[in-house]
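In our numbering, the protein residues as written are 16 to 280. Glycine residues also receive a C-beta, built at the ideal position from the N, C-alpha and C atoms. First up is the structure itself, then whatever we jot down about it.
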Ligand code: DGL
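Shown next as structure tokens:
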């Protein structure tokens, strides 16, 4: 047994979609969530910058005595995971591999779409991993950078969100895909809108649940499960109001995030 908390982080509110799944599959774990609201978006930044920011966040989480970390961000997972794994001794679960495994299960015609931030798509991480699992799979990738500010604004399913989704997803639909991976943890916040554009015939793969199960499996195998009350504490690097509002709508519980200075880590 290990009653220390699990750290979960993202550039902003997107990682809450992963935290939600962690809470579901690991209800007795306490969680420390960090959203880098001062520096969102990560998706337009360089690999070096994303790696530097993530290192600071993991140091912050380690100062809170976490026993393991979930990188609830595809941009960090696809650009910085290897470096972070080398640098830190704390166990780290990322979201790309679980997303790839879920996609392999979902596709029947082996023509799949990946949507994510510019940095995630540019890294080619999904495409490379998918081809390692199945060399015959056809992968079409599309960066959808505007989805992140739309989600941060809380505009999950309005006209702007729908039009943006139509413009981004049209070309993927023309390729005959039968599955789309939401390769950015902000995108499940726009899932209804994405569903309307893709129609019922395309599976929408959200890596969050598979990532949460990976963490569960790790804790079980290493005898590190907790028997806590499942408390969640939230920290952000800038204004808390918008974060608190979206947090409440995603997790369905009141959240009062604490603002910290991430630059000291
Ligand atoms: N939610 C993050 C991801 O999964 C980052 C989005 C961003 O900050 O651009 O990639």
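Review point. Closest by CA to residue 94, which one among 58, 125, 229 and 73?
Key: The residue you call residue 94 lines up with position 79 of the chain shown. Closest by alpha carbon: 58.
Check your understanding: Tell me which same chain residues have a C-beta within less than 8 Å of the C-beta of residue 213, skipping the five on either side of it?
Key -> As a first step, residue 213 must be located in the chain shown, where it is residue number 198. If we look at residue 213 and ignore the five residues flanking it on each side, its Cβ neighbours are 184, 188, 195 and 219.
Practice item. Check whether the Cβ of residue 26 sits closer than 7 Å to any heavy atom of ligand 1, and report yes or no. Key: As a first step, residue 26 is located in the chain shown; it is residue number 11 there, counting from the start. Answer for residue 26: yes, Cβ within range of ligand 1.
Exercise for review: Could I get the ranges of all uninterrupted alpha helix (DSSP H) runs contained in the segment 110-155, with 4 residues as the minimum, in chain order?
Suggested key: 111-121, 133-138 and 140-148
Point to revise | heavy atom of ligand 1 below 7 Å from residue 55 C-beta | key: Position 40 of the chain shown, counted from the start, is the residue given in the question as residue 55. It does: the Cβ of residue 55 is within 7 Å (strictly closer) of some heavy atom of ligand 1.
Practice item. Give the range of the beta strand (DSSP E) segment to which residue 30 is assigned. Key: Counting from 1 along the chain shown, the entry for residue 30 is found at position 15. Per DSSP, residue 30 belongs to no beta strand (DSSP E) and is neither H nor E.
Exercise for review: Check residue 274 in the structure and name its three-state DSSP category.
Suggested key: To locate residue 274, count along the chain shown from 1; it is residue 259. Three-state DSSP puts residue 274 in a strand.
Point to revise | Start-to-end residues for the beta strand (DSSP E) that takes in residue 83 | key: Here residue 83 is taken as the residue at index 68 of the chain shown, counted from 1. 83-86 is the extent of the beta strand (DSSP E) around residue 83.
Check your understanding: Which term fits residue 221, buried or exposed, when burial requires 16 or more other beta carbons within 10 angstroms of its beta carbon?
Key -> Residue numbering aside, residue 221 sits at position 206 when the chain shown is read from its first letter. Residue 221 comes out buried.
Exercise for review: Mind checking who residue 218 pairs with in its DSSP beta bridge?
Suggested key: One-based indexing of the chain shown puts residue 218 at position 203. Its beta-bridge partners are 194.
Check your understanding: What three-state label does DSSP hand residue 51 in the structure shown?
Key -> Here residue 51 is taken as the residue at index 36 of the chain shown, counted from 1. Coil, per DSSP.
Practice item. For the alpha helix (DSSP H) containing residue 163, list its first residue and its last residue. Key: Your numbering for residue 163 matches position 148 in the chain shown. From DSSP, the alpha helix (DSSP H) with residue 163 extends over 162-167.
Exercise for review: Can you tell me the Cβ-Cβ gap for residue 241 and residue 77, rounded? I've got them flagged as a contact below 8 Å.
Suggested key: By 1-based counting over the chain shown, the position of residue 241 is 226. By 1-based counting over the chain shown, the position of residue 77 is 62. Going by Cβ atoms, the distance from residue 241 to residue 77 rounds to 17 Å, so no, they are not a contact pair.
Exercise for review: Kindly list the residues whose CB is nearer than 6 Å to the CB of residue 249, restricted to its own chain and excluding five residues on each side of it in sequence; keep chain order.
Suggested key: The sequence position of residue 249 within the chain shown is 234, counting from 1. The residues are 48, 270 and 272.
**Study point:** Sub-8 Å separation of residue 198 and residue 135 beta-carbons
**Key:** Reading the chain shown from its first residue, position 183 is the one you call residue 198. Reading the chain shown from its first residue, position 120 is the one you call residue 135. Result yes, Cβ atoms of residue 198 and residue 135 sit closer than 8 Å.
Review point. Comparing the CB of residue 131 with every heavy atom of ligand 1, is any distance shorter than 7 Å?
Key: As a working note, residue 131 is residue 116 in the chain shown. For ligand 1, at least one heavy atom lies less than 7 Å from the Cβ of residue 131.
**Study point:** Cα-Cα separation between residue 159 and residue 92, rounded to whole angstroms
**Key:** Counting from 1 along the chain shown, the entry for residue 159 is found at position 144. Counting from 1 along the chain shown, the entry for residue 92 is found at position 77. So the alpha carbons of these two residues sit roughly 17 Å apart.
Review point. Under 8 Å between the Cβ atoms of residue 243 and residue 45?
Key: Counting from one through the chain shown, the residue named residue 243 turns up at place 228. Counting from one through the chain shown, the residue named residue 45 turns up at place 30. Going by C-beta atoms, residue 243 is nearer than 8 Å to residue 45.
Point to revise | Per-residue DSSP class, three states only, for residue 248 | key: Here residue 248 refers to the residue found at position 233 when the chain shown is read from its first residue. Note: residue 248 maps to strand in three-state DSSP.
Review point. When the Cα of residue 209 is compared with those of 165, 234, 239 and 140, which residue comes out closest?
Key: If you number the chain shown from 1, residue 209 lands on position 194. Nearest of 165, 234, 239 and 140 to residue 209, Cα basis: 165.
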